[in-house]
Amino acid sequence: MAGPPAVTAPPAAEPSGRRRLASALWPPRVTRAQLVVALLLFVLGLGLAIQVSSTSENSALRGARQEDLVRILDELDDRTQRLEDEKARLEKQRSELESSSDQAEEARKQTQEKEQQLGILAGTVAAEGPGITLTVGDPAGAVESDMLLDAIQELRAAGAEAIQVNGVRVVADSYFTGSGDDMRIDGTKVAAPYVFKVIGKPEDLEPALNIPGGVVQTLEKEQATATVERSAKIVVDALRPAKRPDYARSSSQ
0 MAGPPAVTAP
10 PAAEPSGRRR
20 LASALWPPRV
30 TRAQLVVALL
40 LFVLGLGLAI
50 QVSSTSENSA
60 LRGARQEDLV
70 RILDELDDRT
80 QRLEDEKARL
90 EKQRSELESS
100 SDQAEEARKQ
110 TQEKEQQLGI
120 LAGTVAAEGP
130 GITLTVGDPA
140 GAVESDMLLD
150 AIQELRAAGA
160 EAIQVNGVRV
170 VADSYFTGSG
180 DDMRIDGTKV
190 AAPYVFKVIG
200 KPEDLEPALN
210 IPGGVVQTLE
220 KEQATATVER
230 SAKIVVDALR
240 PAKRPDYARS
250 SSQ
């Protein structure tokens with residue numbers, strides 16, 4: 000007697016189009032060439048972003064007048080010239096030391112000159128020379144300490160060698176705080192008008208304050224007044240006490 004007919008499995012269904020597409024896309028197959036192209040596109044995009052940022056930052060100069068741009072370039076040339084002059088002066092001193100018949104006397108002379116120069120920079124000795132007087136009026140009491148500090152920084156960048164404001168000698172570690180009726184320099188209270196006595200080359204100092212968007216324009220936006228007067232002789236006689244360092248000692252033997 001014959002047994003029941005054998006049961007055969009139905010033929011496997013053909014994969015649908017969706018499954019074929021999914022199997023082709025996942026897991027992703029990335030070739031080395033594709034990775035290189037992706038990296039190059041990323042670097043190109045980063046460069047474009049940096050270029051756009053740099054362009055936007057320089058938009059203020061792009062909108063400046065031609066005479067203002069010429070003034071800024073002249074100021075940069077003057078700063079470069081001052082550095083070149085300082086380099087030449089130092090090289091001359093070295094040459095004099097090397098060629099002097101009495102090197103000890105020449106060294107003593109140069110040491111005294113350097114002491115005077117450092118005393119001027121440190122504010123421990125009085126100084127005089129050509130320069131400017133900057134007078135800042137503040138009838139509305141809107142001038143902030145950072146505005147006065149910006150003026151100091153612009154003057155230093157333009158070659159100011161000695162500065163005092165309302166009888167307070169301003170040196171490298173000076174600080175400005177407060178505003179209006181409580182403006183202070185190094186803890187000393189000062190009041191408007193703020194009178195800056197600055198020794199340096201007047202032809203460099205005055206333009207530095209009047210550049211587009213600079214100190215004078217910023218103060219005028221706050222309803223303050225700023226007047227600059229050149230002078231052949233400015234006296235900076237406010238002094239600071241010499242400080243003896245607590246920990247630092249000379250390393251020369």
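Positions 0 to 252 (numbering that gives the first Met the number 0) are the ones given, in order, by the sequence shown. Note that the Cβ used here is the ideal one computed from N, Cα and C, for glycine as well.
**Study point:** Rounded C-alpha distance that separates residue 56 from residue 215
**Key:** Walking along the sequence shown from the start, residue 56 turns up at place 57. Walking along the sequence shown from the start, residue 215 turns up at place 216. Because residue 56 sits at a pLDDT of 48, beneath the cut-off of 50, its placement in the model cannot be relied upon, and the following sentence gives the value as read from the coordinates. Cα to Cα, residue 56 sits roughly 21 Å from residue 215.
Point to revise | Any beta strand (DSSP E) of 3 or more consecutive residues that is wholly inside the region 107 to 194 | key: 126 to 136, 161 to 164, 167 to 169, 182 to 184 and 187 to 189
**Study point:** Cβ distance (whole Å) where residue 227 is taken to contact residue 191 below 8 Å
**Key:** One-based indexing of the sequence shown puts residue 227 at position 228. One-based indexing of the sequence shown puts residue 191 at position 192. Their Cβ separation, rounded to whole angstroms, is 16 Å, which puts residue 227 and residue 191 out of contact at 8 Å.
Review point. With a CB to CB cut of under 6 Å and the five nearest residues on each side skipped, what residues in its chain are close to residue 125?
Key: Taking the first residue of the sequence shown as 1, we reach residue 125 at position 126. So the qualifying residues of the chain are 236.
Check your understanding: Could you give the distance in angstroms between the alpha-carbon of residue 138 and the alpha-carbon of residue 223?
Key -> Locating residue 138 in the sequence shown gives position 139, where the first residue counts as 1. Locating residue 223 in the sequence shown gives position 224, where the first residue counts as 1. Between residue 138 and residue 223, the C-alpha separation is close to 7 Å.
Practice item. Can you give me the start and stop residues for the beta strand (DSSP E) that residue 232 sits inside? Key: Position 233 of the sequence shown, counted from the first residue, corresponds to residue 232. Here the beta strand (DSSP E) through residue 232 covers 224 to 235.
Check your understanding: Counting along the chain, where does the alpha helix (DSSP H) carrying residue 204 start and finish?
Key -> Start at 1 with the first residue of the sequence shown, and residue 204 comes out as number 205. Its alpha helix (DSSP H) spans residues 201 to 208.
**Study point:** Contact check, residue 253 vs residue 233, beta carbons under 7 Å
**Key:** In the structure as shown, the chain starts at 0 and stops at 252, and residue 253 therefore has no counterpart that could be examined.
Exercise for review: Grab me the residues of residue 199's own chain with a C-beta within less than 6 Å of its C-beta, minus the 5 sequence neighbours each way, in chain order.
Suggested key: Counting from 1 along the sequence shown, the entry for residue 199 is found at position 200. Around residue 199: 130, 158, 159 and 160.
Point to revise | residue 231 versus residue 218 - alpha carbon distance | key: The residue labelled residue 231 in the question sits at position 232 within the sequence shown. The residue labelled residue 218 in the question sits at position 219 within the sequence shown. Computed Cα separation, rounded: 26 Å.
Check your understanding: By a C-beta neighbour count over all protein chains shown, 10 Å radius and 16 as the cutoff for buried, is residue 243 buried or exposed?
Key -> Mapped onto the sequence shown, residue 243 falls at position 244. So residue 243 ends up on the exposed side.
Review point. According to the Cβ coordinates, are residue 74 and residue 206 closer than 7 Å?
Key: As a first step, residue 74 is located in the sequence shown; it is residue number 75 there, counting from the start. As a first step, residue 206 is located in the sequence shown; it is residue number 207 there, counting from the start. Contact: yes.
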